[in-house]
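In full-length UniProt numbering, the protein residues as written are 1 to 328.
Heads up, the beta-carbon is just placed ideally off N, CA and C, and yes, glycines get one too.
Being a predicted model, the structure only gives us computed values, none of them experimental.
Below is one structure, written out as structure tokens; the observations come after it.
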Amino acid sequence: MTSRKVNIMIIVLAAVVFLLILHHNLLGLSDILKRQGSDVSAVGFQRIDFLPEAPEEKIIVDVPVVITAVESRLGGVIAAINSISSNTQSSVTFYIVTMNDTKEHLRSWLGDTKLKNIKYKILDFDPQVLEGKIRADERAKPLTFARFYLPDLVPAVEKIIYLDDDVIVQGTYNYIGYFDYKKETIRKLGMKASTCSFNPGVFVANLTEWKRQNITRQLEKWMELDIAEELYSKTLAGSITAPPLLIVFYKMHSSIDPMWHVRHLGSSTGKRYSIQFVYSARLLHWNGHFKPWGRAASYSEIWEKWYIPDPTGKFSIIRRHTDAEGAK
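Written out as structure tokens, the structure is:
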């Protein structure tokens, strides 16, 4: 046999061996694919968890808003809720804190008007938690202290927006000046009467951090100290809830965009801002004595846009022209 024939036979044998090995490997790969069939797509490509160029799926985040509902101010609550629900594209859940005498009235007002489709929960506030923490002759209503107990009212929520009932969303009094700075307990804090602080009627709270720092107990401590030492001025009237909040959160808060809290609208009957400025603001706050549902208030026509008449007829707006008509 010539050397040429030997070389040809070697090449043929090598080719046969190569084909046998290739066939064996393909069979092994087939078995692997069958065993891992749940991890591959129909065309045999393995699924991946990250696509750099793929658009992110939009996640709907529920925005929790807490507001208290007092019977005599229920029209304010309705107007505030209507303005929020009408001016947001977010999913909002309203946590309305109230007491037994207001529940049915509130349900009727919400259920028999355009607000019947909003997401809301009515929460009970137990005034018993205030025993020993406020004076018996206090003019402030128990519900004004509900904001002290936010983690107890909405325990499953991490962050909340708290709003007073005299606000309108469409896109202060410097309470710190009401402390009695002659009191030793206040002087030790190193606070100055001229210091500017936040308005406790509009704020965003991290309830996880609130619980971690035991803020509720800190607030209760300052309520109890007021009973013992009369720390806060008697001129506060309904704003007696402000001092403990301002003390506890002193230098522990961040400011929000001023256009998201245009306040002092209830401090007088005069108009302290231009109408253009008020219309461009995102949140209006009638903090003060002159409420927009009362006889004399500035910019009440803006508030009235969001007011929904009470289907039960129990609540009505008081206006100067009404008095004039009644006198005829």
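Within 7 Å, strictly: CB atoms of ALA281 and PHE290: In the sequence shown, residue 281 corresponds to position 281, counting from 1. In the sequence shown, residue 290 corresponds to position 290, counting from 1. No. Outside cutoff.
ILE122 to SER83 span [Cα, whole Å]: On the sequence shown, residue 122 is found 122 positions in, with the first residue counted as 1. On the sequence shown, residue 83 is found 83 positions in, with the first residue counted as 1. Straight-line Cα distance between these residues: approximately 19 Å.
Residues that THR312 bridges to, as DSSP identifies them: The residue you call residue 312 lines up with position 312 of the sequence shown. DSSP output for THR312 lists no bridge partner at all.
Span of the alpha helix (DSSP H), counted from its first residue to its last, around HIS105: Start at 1 with the first residue of the sequence shown, and residue 105 comes out as number 105. Unbroken alpha helix (DSSP H) run through HIS105: 100-111.
Paired residues, beta bridge with ILE168 - DSSP: In the sequence shown, the residue the question calls residue 168 occupies position 168. In DSSP, ILE168 forms a bridge with LEU284.
Within 7 Å, strictly: CB atoms of LYS114 and MET223: Your numbering for residue 114 matches position 114 in the sequence shown. Your numbering for residue 223 matches position 223 in the sequence shown. Taking 7 Å as the Cβ cut-off, LYS114 and MET223 do not qualify as a contacting pair.
Reduced DSSP category for PRO155 - H, G, I as helix; E, B as strand; rest coil: Translated into the one-based positions of the sequence shown, residue 155 becomes position 155. Here PRO155 sits in coil by DSSP.
Close-in-space but distant-in-sequence residues of the same chain around PRO309 (CB under 7 Å, 5 per side omitted): On the sequence shown, residue 309 is found 309 positions in, with the first residue counted as 1. If we look at PRO309 and ignore the five residues flanking it on each side, it has no Cβ neighbours.
Beta carbon of LEU163 nearer than 7 Å to that of PRO200: On the sequence shown, position 163 is the one that residue 163 refers to. On the sequence shown, position 200 is the one that residue 200 refers to. Not closer than 7 Å, so no.
Residue 330 - partner residues in DSSP beta bridges: The question about residue 330 has no answer, for the chain in this structure spans 1 to 328.
Collapsed DSSP secondary structure at ILE134 in the structure displayed: Against the sequence shown, residue 134 aligns to sequence position 134. Reduced to three states, the DSSP call for ILE134 is coil.
Three-pair Cβ contact test at 8 Å for the region 207-220 versus the region 140-151: yes
Secondary structure of VAL129, DSSP reduced to three states: What you label residue 129 is simply residue 129 of the sequence shown in a count that begins at 1. VAL129 falls in the helix class under three-state DSSP.
Status (buried if at least 16 other CB within 10 Å, exposed otherwise) for GLU230: If you number the sequence shown from 1, residue 230 lands on position 230. By the neighbour-count rule (16 or more Cβ atoms within 10 Å), GLU230 is not buried but exposed.
N- and C-terminal bounds of the alpha helix (DSSP H) containing PRO64: Looking up residue 64 in the sequence shown gives position 64. Premise fails: PRO64 lies in the beta strand (DSSP E), 62-68, not in any alpha helix (DSSP H).
Three-state secondary structure assigned by DSSP to PHE249: If you number the sequence shown from 1, residue 249 lands on position 249. Coil, per DSSP.
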